[in-house]
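Data first, discussion second: the structure below is written as structure tokens.
Chains as they are written, first to last, in this note's numbering: chain D, 9 to 606; chain H, 9 to 606.
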């Protein structure tokens, strides 16, 4: 199977469905014109197909290897990394003053999809570096920025996030790594001691240095989550113009189900010298900057792997000849029909397609809002963008990875027994996709973030940023006969989401377990409804383009959009009804089961 | 994590919910009393926990290795196999005249659950031998039986099913392996030439010989599926009292996502001598005997892995301390609460529990019907049993493996990042479970079997064997106020299944693509409805036992059944509504998408 960058659909989602052209109107992003972005994507598309996908399967087979504190990435990773580094790809969204290309986050998000679809393990090394850059960019002093950002931008140094400890995963308040100020150091350094686990890209051979962003506790820190501070700790520190070891060493790497080309490390900090990033005891706030961006990128991973699986499954379904169509031979000149003639195979392919394109649309929306939130000249627009992105972040992370995993599995199912063998690459997509539901906060935690923090924030302001435009769209199109087949089911799902939200707000006030019991199903209901809105909007755009005379490949593209929108409404959206029913049953069926009876 | 055989729930499903005691009344099964069966299960439970589970993870890591035609199973497999062989476990359900223990299939099914839950890869070697035994038992001549059955029964020889060829998977009509009669052989042998792939247990080091049951084509055979015959081909054949090579050699083994301790082989037949089993050109009928039994066993695998995942997840959820309950600390003396206090974690555990126990009940029903179909003195009862088992086979195979995989994933999700590492064993359960949706006929094929063959068979007679008792139960209990919370939703789902069935019968006649488009969703609707019936029946039994004064552990057991039944009705059964909606949309959203637009 071969992965091809979905350039046409990226253009649709970012420039036809949403106003990607507005990026070039934002101060600082004048160069990010549609034409430039298109050529960036074309270039990365080539790299994805020709360089990254070919080392995806071999990277999985070989995995990372650990010896005496060093981690060796799989064959070909270093060469591919050098190619990307030299092309300036690592610093795509970094500031020009540090040597970056200064592209909007939106462009990084599109590029990230291509990276992840062709080689998730590889993409993680760059993703983590981007995350570390973002955390420093928002919270570090100019001095620290000057020290680290140019190196992270050019990709000669890499970054990590060191959060988890054996006893502290979801509950970071239990972090026990210590940071003690070094009184005799002029540069305000701290001595860091502790052990971090599950550190992605914690150690590898791609760069000359690695910059750890780490959560630790100051000597006088309050207990729990309010006593966590963030520090930057380089693996090698500069001393007298030379890089010397800084006591941050890799103790081992995990043997995992997937993303085997990405190292997952135990990192021991032994009197390592680090520097405070942001305010003391406010480390969680700083870390959230990194995590929110990371969560959106994880949502993109779900969509990327679904697309890779879709492309592989379509190729297999076209080539595999078995049996005959139920209504009689469709290709009588061949020994058998390709399995793509079968309704059940098409069901799987269309589910993958409807999800992938829906997710691309939702991602486009959120990505553009983030850029507006950071770069708009209008302060109100900035707040609006931030509100909507905050609301959508947990939905994108969890819904797009839960369904991304489901879709990767459908892709594998299309390939039958061949899909289960390593050779075909489909089973790797399933294994790689599985981590996306877990890392950067499990999907259960995302659901709690949505119902516990985002829904009620500022008296429902985040939520209104979503409800208002969606409602306005449905009301405006309610009389549009041509759109009715799309609007009617989508509007109905939206009504369910509104009712479930009201119910949650009321019940959750009385007993937080009501919100907890409903959270995961509510997040899915939100996802299905957001997709319904986007597919209805897509249908409208497609109809307009066709009415305006789109022809040739363009006409086929818009026709396919209408078919896929229909499939989504009729075959996928009905799940929202079941989710609504489940949500409304409340906490009792879950909480009344006696703990000891499990 | 440690797996413990679910002896109490097996007793409930087979002896309280269904009439397992009736087995001992069947001619030939007089010894299969509840007491004897209980002691059989206790003994196998010990072996599962102490012998088989400990080599499950190491077997996965090491996998099977191939060298010069030989396959080495992982460390410990041979010793474990010898232990089971010496204990007579391989021949548990084989006829006493061949040295078997003559137990009903039902007992084999229960034992199979324990084998698969503790070590699926290992269990496959025995399962395949049992399958080969069954095919010979039903179709071979006495001479062939006398030659092979005693060896298969004692487990000194193993069995396989050789169906698939590179160009012939789902579509066995494309099989091209050739069988030519050897004119000068007194024993009626055939010379077999061809290559089979995906042969489970095709080669290994557990037994001195391997008996292949293989599909091939006679020289004058009609084209397609009506020209397939079944042959038995030993790896080593007896000549002058010695075992000599018979030209059946292993060319390679597959590298797979899971069940790595089970060899999946390419077997080359090069002038191998084999013997016809059953009639010429009627091989598919003979093979179906083997496949139907195998399909039920695959359904059991789904349930078994779900139970193993459930047990592992419960242990993790009790031990993992993170954060606090949403309503305030439940274990204030500990640094944090165990995650089992969280609604979302309980949601996952209860889903797994409700599925596992529901699947055990459905399996018990089908298993007992099979024994009655084969051994009842009453010819009408035999037909009845066969009808119901035929109907339920595709449902059990596909529904229990689709949901089994979903549940294994929930178990992994409970364990978060630890679940993704090899160390915890949960990710192996996910990888192992994934094949069950594919082999023995993909789940899409099971769905076609259900709607295309089983529904209409004998003018709906199979279906009536299910609809009648289910309907009678609901009607009888309709006025039972204490049961209403269970009966009402289950009856409603049953109504949906009836309507969907009628719709399918009507539409499928007009256009088979209507049946094909609905098939997978219909099978799931059937599964959810069957489970609803079984959980309602379970609730009735539990209420009666409690009313009759059950106390202590028994009372707790029945109380838990009532809670789980409630959870199933309120939180899982709503999916049946969405499935009904999807089914009724018909073929259009699936078939009108242009093939070239994928």
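Note that the Cβ used here is the ideal one computed from N, Cα and C, for glycine as well. Values in this document were obtained by computation on a predicted structure and should not be read as measured data.
Determine, for residue i, whether the minimum Cβ-Cβ distance to residues of chain D falls below 9 Å.
i: residue 63(H); result: no
i: residue 429(H); result: yes
i: residue 296(H); result: no
i: residue 356(H); result: yes
i: residue 42(H); result: no
i: residue 438(H); result: yes
i: residue 217(H); result: no
Could you spell out where the beta strand (DSSP E) holding residue i opens and where it closes?
i: residue 375(H); result: Residue 375(H) -> not in any beta strand (DSSP E); alpha helix (DSSP H) instead, spanning 351-383.
i: residue 221(H); result: 217-224
i: residue 247(H); result: 244-247
i: residue 277(D); result: 272-285
i: residue 124(D); result: Per DSSP, residue 124(D) belongs to no beta strand (DSSP E); it is in the alpha helix (DSSP H), 113-126.
i: residue 264(D); result: That residue, residue 264(D), is in no beta strand (DSSP E); it is neither H nor E in DSSP.
i: residue 199(H); result: 198-208
i: residue 413(H); result: From DSSP, residue 413(H) is part of no beta strand (DSSP E) but of the alpha helix (DSSP H) over 387-422.
Taking the alpha carbon of residue i as the reference point, which residue from the options has its own alpha carbon closest?
i: residue 538(H); options: 284(H), 401(H), 524(H), 514(H); result: 401(H)
i: residue 581(H); options: 271(H), 512(H), 179(H), 498(H); result: 498(H)
i: residue 62(H); options: 553(H), 475(H), 433(H); result: 433(H)
i: residue 148(D); options: 263(D), 298(D), 253(D); result: 298(D)
i: residue 59(H); options: 38(H), 555(H), 130(H), 76(H); result: 130(H)
i: residue 305(D); options: 245(D), 409(D), 211(D), 594(D); result: 409(D)
i: residue 438(H); options: 447(H), 416(H), 188(H), 444(H); result: 416(H)
i: residue 643(H); options: 385(H), 185(H), 155(H), 570(H); result: There is no way to answer for residue 643(H), as the model of chain H reaches only from 9 to 606.
i: residue 17(D); options: 600(D), 573(D), 569(D), 603(D); result: 569(D)
i: residue 308(D); options: 224(D), 369(D), 258(D); result: 369(D)
i: residue 227(H); options: 429(H), 159(H), 600(H), 190(H); result: 190(H)
i: residue 11(D); options: 476(D), 327(D), 471(D), 123(D); result: 123(D)
i: residue 27(D); options: 42(D), 13(D), 38(D), 14(D); result: 42(D)
i: residue 252(H); options: 281(H), 487(H), 394(H); result: 281(H)
i: residue 520(H); options: 456(H), 543(H), 550(H); result: 456(H)
i: residue 420(D); options: 442(H), 403(H), 419(H), 412(H); result: 442(H)
i: residue 374(D); options: 145(D), 473(D), 448(D); result: 473(D)
Check the Cβ of residue i against every Cβ in chain H and list those closer than 9 Å, keeping chain order.
i: residue 198(D); result: Within 9 Å Cβ-Cβ: nothing; residue 198(D) doesn't reach chain H, min ~25 Å.
i: residue 571(D); result: 597, 600, 601, 602, 605
For the alpha helix (DSSP H) containing residue i, name the first residue and the last one.
i: residue 527(H); result: 520-555
i: residue 584(D); result: 583-591
i: residue 480(H); result: 469-485
i: residue 296(H); result: 291-327
i: residue 597(D); result: 596-599
Please list the partners that residue i has in chain H, where partner means a Cβ-to-Cβ separation under 8 Å.
i: residue 264(D); result: 428, 429, 430, 435
i: residue 396(D); result: Simply none; closest approach about 25 Å.
Residues of chain D with CB closer than 8 Å to the CB of residue i, please, in chain order.
i: residue 352(H); result: 452, 455, 456, 524, 525, 527, 528
i: residue 445(H); result: 421
i: residue 464(H); result: Correct list: empty, because the minimum Cβ distance to chain D is about 14 Å.
Does any residue of chain H bring its CB to less than 9 Å from the CB of residue i?
i: residue 419(D); result: no
i: residue 175(D); result: yes
i: residue 254(D); result: no
i: residue 349(D); result: yes
i: residue 182(D); result: yes
Give the residues of chain D in contact with residue i, contact being defined as C-beta atoms less than 7 Å apart.
i: residue 179(H); result: 330, 331, 344
i: residue 365(H); result: Within 7 Å Cβ-Cβ: nothing; residue 365(H) doesn't reach chain D, min ~12 Å.
i: residue 582(H); result: 586, 589, 590
i: residue 16(H); result: None at all; the shortest Cβ gap to chain D is about 12 Å.
Give me the chain H residues within the contact set of residue i, using Cβ-Cβ distance strictly less than 7 Å, ordered along the chain.
i: residue 574(D); result: 597
i: residue 322(D); result: 606
Opposite residue i in the DSSP bridges: which residues?
i: residue 165(H); result: 217(H)
Residues of chain A with a CB under 8 Å from the CB of residue i: which are they?
i: residue 206(H); result: Among the chains of the structure shown, chain A does not appear; the protein chains present are D and H.
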